[in-house]
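Okay, structure first, notes after.
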Amino acid sequence: MVRSETKSACLALVFLGLMTLGDSITDNLLPALADDAHTQSGHWNLGTAALVLKGVSDIIGQFVIGYVLSTKSKHHAMNLNATSILVASLVTLLSLCYEQKWPILIAVVGPLVRCIGGGSHASAFLILAVLHDQAPVQYRFASYYCTGAVSVVAQSFGPFFASALSDSSHALPGILSGACCLIGFGIVDALKSTPCERNSSSHDEYTFLLPNHQNNVELKSLNISVTEYLSRCIGKKSLITKSSLIFLPQVFFLMAICKSTRPLFKAYIQHRDGVSPTEAEDLWVLRSVMSVVIFGIILPGIVLRTAPRVSHPNSINLHAARISIFFISIGAFMIGLSGSLRSITAALVINTLGVATDLSLLAFASSRFSNSDAGTVMMTLASIESAGTLLGIGVLYPIYQWSINKDLPFLVGGVPYYICGSLYAVTALVSLREEIKNVLTTEGLKKTALYNLKLMDSVINESRRLRPVLLGKFLPEAGYGRYHSSKWRCDQKGEKIVCDTTHMWNGDYYEEAAKFDGYRFLRMREASEQDRHPQLVSTSFDHLGFVHGNHACPGRFFAANKIKIALCHMLLKYDWKLADGVVPKPSGFGMVCLPDLQAKLLIRRRHEELDIDSINT
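Okay, so the sequence shown: first residue is 5 according to our numbering, each after it adds one.
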């Protein structure tokens, strides 16, 4: 049984690799043959027109694929997707016969024909739907991450084959792309004949590729109208608006806006950081290699090794997503601030460490919808991501063109990436809410659940580090001096010492101590589960939020739980933001650190994804 499922998953991943390679070759034929003026990234030219039209076609094609998944079988959807990519490659190949108009035909007609069944973007989400019924769950999680590795490898080889083969003959790239599609048809036939034994013996050999494991007789009854299907995607009956999935379209849309800057990266660093074209290409290769290692080795290894040992294996993906969001957000800001080859390399490495954010969240959410709904959910998310990319092109490309003006200050040039970093920060807030909902749904509003709100624990602890209630703590007995400095001396019994807590802002104690990092204590906690020092209720010399030693606050456990409960209600029920133009400026009064009492905070009611008031305590 497991061997059969593994074979099916491997064949599906090979299909994804071939479709991505074929589509990538077709996409890169225009840059390989046309002048730079037609394809320069970030400018309104044929290259950008092709990206926009491809995005529009992807939205249409992905809805078509989703409808086929809901009404027919997965092998029909895979054949349709391969046909769409094959037709696009043939149209692109035939366009070369028109000597004067071929660039326009490739940029316009080629992308438009993909509305038949989408391109490689649709292939990725289609394969995720196919892999959704992998069991046990760690195999499904590992398969999800492997799709990322396969896509990255295939996308990396696409420009190489398009450029190398076109030097010999302009027809060779199209021929190779078509060959990939033809092999894909053969793989679909092989998948149809792969038995799936885990269901009852009455299921036939096509079970793996049928929606909801239904046989051919049942399949004929799945005759829903296009209107009804669209309602399930984006209407009142939409599956992704369910409380358990509502975070997915938000995250994928925001991240897609950021992903629209990827074609700009090499041109951006050449202009801003003085990087040569060869160095820029090498950096992108480095990113690809890191992505393959993360997707293909590290994350699958973690879930396969860890999932069988933990009570809630799905939480692994949420933890991975939280860490990834932090890295990708910080990396985006660093790219915007970089000014040399060394700094841009460091920024790219940090940014790439967060490359798995979307797949981690998707793997986490995969347990919240059934096999029969997988196709609809996946293809709807694919279309939402394509729409986000189109919005990103429309908004960020003009900003990019403005930011490369040499007359602007250096820091202004990174505005596109500052925007991306900010959007990723919003995604982090969404993931924090999702952690609350996941933990409380699983365990209720109990002490064990509050303990597992580890990201919230870290955020509160970091807030107390950077903004302690008191800048100094009274230690009532003379002997306490030895805990802080051997130079402290108390000559008389009963003398009091005031301990300065501002050392928590010192770089000797915390890396980048002046910066708020909500993930700081979470990373410390995950580095060593045995080390209780990073926990909110723990006390130490480094963190004196609750003082330390015999006179540490005895009510800190009660206080920590109450704070977490209050934040659960506040974050789930309300949206929060500072009023426009408000930058909070804390002040001191004696030893008290006061918040900005004049700052205005905007609050509005939101529809919570979880009825927290009805949870058992």
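Glycine included, each C-beta is placed from N, C-alpha and C at the ideal position.
In terms of residue numbering, what span does the beta strand (DSSP E) encompassing residue i cover?
| i | result |
| --- | --- |
| Leu-606 | 605-609 |
| Cys-597 | 596-598 |
| Phe-256 | Note, Phe-256: premise wrong, no beta strand (DSSP E); alpha helix (DSSP H) at 251-263. |
| Ser-591 | 591-593 |
| Tyr-102 | Looking at the DSSP string, Tyr-102 is not in any beta strand (DSSP E), and its letter there is neither H nor E. |
| Lys-240 | That residue, Lys-240, is in no beta strand (DSSP E); it is neither H nor E in DSSP. |
| Asp-1 | The chain is shown only over 5 to 621; residue 1 falls outside these bounds and no answer can be derived. |
So which of the options has the shortest CA-CA distance to residue i?
| i | options | result |
| --- | --- | --- |
| Ile-108 | Ile-191, Val-60 and Asp-39 | Asp-39 |
| Val-230 | Thr-75, Leu-474 and Gly-343 | Thr-75 |
| Glu-439 | Glu-612, Ser-319 and Pro-304 | Ser-319 |
| Ile-131 | Val-113, Thr-151 and Ala-146 | Thr-151 |
| Glu-285 | Leu-352, Gly-392, Gln-602 and Leu-363 | Leu-352 |
| Leu-98 | Met-23, Pro-177 and Leu-55 | Pro-177 |
| Asp-546 | Pro-588, Trp-406 and Ala-517 | Ala-517 |
| Phe-593 | Ile-607, Ala-563 and Leu-474 | Leu-474 |
| Phe-550 | Ala-603, Arg-608, Glu-530 and Ser-467 | Ser-467 |
| Ala-432 | His-79, Pro-253, Ala-16 and Ile-329 | Ile-329 |
| Thr-543 | Glu-9, Thr-505, Ile-388 and Leu-57 | Thr-505 |
| Gly-522 | Asn-465, Lys-566 and Glu-232 | Asn-465 |
| Pro-253 | Leu-15, Val-68, Met-382 and Phe-337 | Met-382 |
| Ala-570 | Cys-597, Thr-384, Met-460 and Val-587 | Met-460 |
| Gly-396 | Ser-235, Leu-457, Arg-266 and Tyr-71 | Arg-266 |
| Val-502 | Ile-607, Asp-600 and Leu-548 | Leu-548 |
| Leu-400 | Leu-20, Ser-45, Phe-251 and Trp-106 | Ser-45 |
| Cys-572 | Ala-563, Leu-454, Gly-585 and Asn-510 | Leu-454 |
| Arg-236 | Thr-384, Ile-69 and Glu-9 | Thr-384 |
| Ser-364 | Arg-437, His-323, Ile-273 and Ser-347 | His-323 |
| Ile-334 | Ile-306, Leu-303 and Tyr-428 | Tyr-428 |
Can you round the beta-carbon distance between residue i and residue j to whole angstroms, since I take them to be within the 8 Å contact cut?
| i | j | result |
| --- | --- | --- |
| Ser-462 | Phe-368 | In fact, because the Cβ distance is near 19 Å, the residues do not count as touching under 8 Å. |
| Ile-120 | Gly-59 | Not really, about 15 Å apart at Cβ, beyond 8 Å. |
| Phe-520 | Val-541 | Contact doesn't hold; Cβ gap of about 21 Å is too wide. |
| Phe-373 | Leu-243 | 6 Å |
| Gly-392 | Phe-257 | 4 Å |
| His-42 | Leu-50 | 4 Å |
| Gln-142 | Pro-413 | That belief does not hold up - the Cβ atoms of Gln-142 and Pro-413 are roughly 50 Å apart, past 8 Å. |
| Leu-582 | Ala-603 | 7 Å |
| Asn-83 | Phe-189 | 6 Å |
| Ala-386 | His-80 | Actually they are not in contact, since the Cβ atoms of Ala-386 and His-80 sit about 17 Å apart, beyond 8 Å. |
| Ser-93 | Gly-26 | 6 Å |
| Ser-622 | Ala-13 | Beyond the ends of the chain as shown, which are 5 and 621, falls residue 622; an answer cannot be given. |
| Ser-173 | Ser-292 | That belief does not hold up - the Cβ atoms of Ser-173 and Ser-292 are roughly 27 Å apart, past 8 Å. |
| Leu-195 | Leu-15 | 5 Å |
Could you spell out where the alpha helix (DSSP H) holding residue i opens and where it closes?
| i | result |
| --- | --- |
| Asp-286 | 281-297 |
| Asp-461 | 458-470 |
| Leu-180 | 176-196 |
| Leu-385 | 375-407 |
| Arg-276 | 269-277 |
| Ala-453 | 451-455 |
For residue i, verify whether its CB is less than 7 Å away from any heavy atom of the ligand MG.
| i | result |
| --- | --- |
| Val-502 | The ligand MG is absent from the structure shown, which contains no ligands of any kind. |
Would residue i count as contacting chain B if we go by Cβ distances under 8 Å?
| i | result |
| --- | --- |
| Arg-326 | The question asks about chain B, but that chain is absent: this structure has only one protein chain. |
Complete runs of the alpha helix (DSSP H) confined to the segment 35-67 [at least 4 residues]: Along the length of the segment 35-67, whole alpha helix (DSSP H) runs at least 4 residues long occupy 40-43, reported in chain order.
- request: Entirely within the segment 111-147 and at least 4 residues each: give me those alpha helix (DSSP H) ranges in chain order.
  value: 124-134
message: Using 8 Å as the cut-off, can you tell me whether the segment 355-362 makes contact with the segment 372-382, which would need three or more C-beta pairs spanning the two stretches below that distance?
response: no
- prompt: How about the segment 548-558 and the segment 410-426: do they share at least three Cβ pairs that are nearer than 8 Å?
  reply: Of all C-beta pairs linking the segment 548-558 to the segment 410-426, fewer than three are shorter than 8 Å, placing the two stretches out of contact.
Segments assigned alpha helix (DSSP H), at least 4 residues, entirely inside the segment 507-541: 524-531
field: Any 3 or more C-beta pairs closer than 8 Å across the segment 173-187 and the segment 341-352
entry: no
task: Kindly confirm or deny that the segment 109-117 and the segment 21-41 touch, where touching means at least three C-beta pairs closer than 8 Å.
output: With a cut-off of 8 Å on Cβ pairs, the segment 109-117 is in contact with the segment 21-41, counting three or more such pairs.
- request: Determine contact between the segment 286-297 and the segment 153-164, defined as no fewer than three beta-carbon pairs at a distance below 8 Å.
  value: yes
query: Are the segment 406-413 and the segment 85-102 in contact at 8 Å, needing three or more beta carbon pairs?
result: no
Alpha helix (DSSP H) runs wholly inside the segment 296-365, at least 4 long, in chain order: 303-310, 319-341 and 345-356
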